[in-house]
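Asks:
In the working numbering, the protein residues as written are 90 to 216.
1) From 171, 163, 130, pick the residue whose C-alpha is nearest to that of residue 142; which is it?
2) Short check: CB of residue 178 to CB of residue 167, under 9 angstroms?
3) Round the Cβ separation of residue 122 and residue 137 to the nearest angstrom and send it over; I've been treating them as touching at under 8 angstroms.
4) Between which residues of its own chain and residue 129 is the CB-CB distance below 6 angstroms, once the five residues before and five after are set aside?
5) Tell me whether residue 181 is buried or exposed, calling it buried when 16 or more other Cβ atoms sit within 10 Å of its Cβ.
6) Just to confirm my understanding: we take residue 151, look at its own chain, exclude 5 residues before and 5 after, and list those with CB closer than 6 angstroms. What are they?
7) Alpha carbons only, please: which of 99, 193, 205, 208 is nearest the one belonging to residue 169?
8) Keeping to the same chain, check which residues put their C-beta closer than 7 angstroms to that of residue 145; ignore five residues upstream and five downstream.
9) Hey, would you say residue 133 sits closer than 9 angstroms to residue 154, going by beta carbons?
10) For the alpha helix (DSSP H) holding residue 140, just list the boundary residues, first then last.
11) Excluding the 5 residues preceding and the 5 following residue 99 in the sequence, name in chain order all residues of the same chain whose CB lies nearer than 7 angstroms to its CB.
12) Would residue 117 be called buried (16 or more neighbouring beta carbons within 10 Å of its own) or exposed?
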């Protein structure tokens, strides 16, 4: 025979689990994500940008490897991080018929490039 108290305890446990399961996950702040990634991967986070992918909120972190990283010292790259979990998001999606590459990250060319090349490649006039 099940006592009244154990039934109440079971109901309370079930209600608590339902509440936790139905509560939306709170997204981490950009500062929290940057601190986690910096300590876990031993990189310097240079910039954090908001992004989304298939309806999932992401942070795009521009990171730089430290000076003592050997031949990879000061290498800069981008990491895609899930805003809710703080975990890295793989850029390749494996599908039954192969993999899907992500779209290219939007970037605009530096407008002053041709002018800088012209100035640096011109020879000074000799008299």
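By construction, the Cβ of each residue, glycine as well, lies at the ideal position given by its N, Cα and C atoms.
For clarity, every value in this text was computed on a predicted model and none was experimentally measured.
Replies: For this structure:
1) In terms of Cα proximity to residue 142, the closest of 171, 163, 130 is 171.
2) For residue 178 and residue 167, no; Cβs fall outside 9 angstroms.
3) Your pair residue 122 and residue 137 checks out as a contact, with CB atoms roughly 7 angstroms apart and the cut at 8 angstroms.
4) Same-chain partners within the cutoff: there are none.
5) Exposed, by the Cβ-count rule.
6) Correct list, in chain order: 135, 136, 167.
7) Ranking the options by Cα distance to residue 169, first place goes to 193.
8) Counting only Cβ-Cβ distances below 7 angstroms, and skipping sequence neighbours, we find 171.
9) Less than 9 angstroms separates the beta-carbon of residue 133 from that of residue 154.
10) Where residue 140 is concerned, there is no enclosing alpha helix (DSSP H), although the beta strand (DSSP E) it sits in stretches over 133 to 142.
11) Correct list: empty, nothing qualifies.
12) By the C-beta density criterion, residue 117 is buried, having at least 16 other C-beta atoms within 10 angstroms.
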